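Below is one structure; the comments refer to it alone.
In the numbering used here, the protein residues as written are 336 to 778.
This is how it looks when you write it as structure tokens:
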């Protein structure tokens, strides 16, 4: 430690970490997950890891709401990098300290430089988020990039090593230093152990009164909001005021308009019948959400930018967008990987798809993917037993239509229409919509 004040710690630069991981503790790994879930450009993260491993991060200043360090690139030029994290409000600190004071093991673990998972869980139950989540680590850097750059990524990776050694640094970032925290916890613990007869908390609601309120009936809910027939076109972001450095106004307008359209769809679904009983869908991953956005992108450069943020090429994004338009996240999953197991009955269905037909495809494959020999087309089966058509174009397998319940119908969709580098029958096989295919499981 190089210097310290009540509101700031300045920690000496760490030596290179070649061959070592950046986080050995669960809270250190949670910190890195927040960074990696937030950053759009995987290439910048990889550069940041290399800088941090090489010891390019200087002394780190830790103070409420902000981390600061000078990070030197491969050219030796140093840039001041900052990472911001929201401080807890006074009310949040009050709830957190009440939780810690009520459980002596929490503060004892912190003093031993350990962060108990139960402490984090108890804090969350009190409405206090200690660990950062997606979008919580905000970057600022002299290099001018608006997203996490190699410099802020390097700082964040270095801080994961520091948090491993001292989880109190996270609490300082949230607004309170170690000494202030321990003194306040001791004060509250002493107050909680006051002898009988001392002034206690104010009285609660008598049970009879609470029961009477319940017996009167529940408070009626307000009427639901009206459905939105069509989302707005987005705000006018010109306004005559030049944007801040690094702010892409067109990208912001695109995100705002896309969010408005998505909110309109979610509201319509929420107002529809049976919504309360419907299962909540799993949240989209970073790649899924990027593809969803690119599927509505008005310009190729938007899709290309989203692809770069995920470490993918423009062509990979183009293929993924086509899959998304045919079947959303289910089609994207089939594009990325076959199912772990092919559903029971799928092979029987495939074997009987062209029974009785004179012209039958010769299929080769397995593991959820079967290719027609000499035709440049393919069908894939997902974990739900649905069949997806694919066509060889420009040296890649491209989605060729939505899912079908019958492999023959899916194969017919792959053969019918569109340009590609395939050879063989055009327009499908006779009887493709009916149900013995000759096929081999030779991979």
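Backbone N, C-alpha and C define an ideal beta-carbon position, used for all residues, glycine too. Note that this is a predicted model, so its numbers are computed, not measured.
- In the structure shown, residue 487 adopts helical secondary structure according to DSSP, grouped into three states.
- In the DSSP assignment, residue 510 falls outside any beta strand (DSSP E), carrying neither H nor E.
- Nearest in C-alpha terms to residue 672, of all of 679, 466 and 655, is 655.
- For secondary structure counted as the beta strand (DSSP E) over 3 or more consecutive residues, the segment 385-431 holds these complete runs in sequence order: 395-398, 401-407 and 413-419.
- Distance from the CA atom of residue 578 to the CA atom of residue 423, rounded to whole angstroms, is 30 Å.
- DSSP places residue 706 inside the beta strand (DSSP E), whose first and last residues are 704-707.
- If you look at residue 636, you'll find it in the alpha helix (DSSP H) that goes 635-644.
- The segment 378-389 and the segment 466-478 do not touch, with fewer than three beta-carbon pairs separated by less than 8 Å.
- Looking from the CA of residue 732, the closest CA among 658, 683 and 448 belongs to 658.
- DSSP places residue 659 inside the alpha helix (DSSP H), whose first and last residues are 649-671.
- 8 Å or more divides the Cβ of residue 392 from the Cβ of residue 402.
- About 5 Å separates the beta carbons of residue 427 and residue 463, which is inside the 8 Å limit, making them a contact pair.
- Beta-bridge pairing by DSSP links residue 587 to no other residue.
- Taking all protein chains shown into account, residue 546 has fewer than 16 neighbouring C-beta atoms within 10 Å of its C-beta and is therefore exposed.
- Beyond the five residues adjoining it in sequence on each side, residue 500 comes within less than 7 Å, by CB distance, of 448 in the same chain, given in chain order.
- When the alpha-carbon of residue 711 is set against those of 497, 522 and 728, the nearest one is in 728.
- By alpha-carbon distance to residue 561, the top candidate from 632, 610 and 605 is 605.
- In the three-state DSSP reduction, residue 742 falls in the helix class (H, G or I).
- The residues 457, 458 and 461, in chain order, have a CB closer than 7 Å to that of residue 434 in the same chain once the five nearest residues on each side in sequence are set aside.
- Beta-bridge partners assigned by DSSP to residue 725: 713 and 734.
- Judged by DSSP in its simplified three-state form, residue 474 adopts strand.
- For residue 609, there is no enclosing alpha helix (DSSP H), as DSSP marks it with neither H nor E.
- Here the C-alpha atom of residue 539 lies approximately 59 Å from the C-alpha atom of residue 652.
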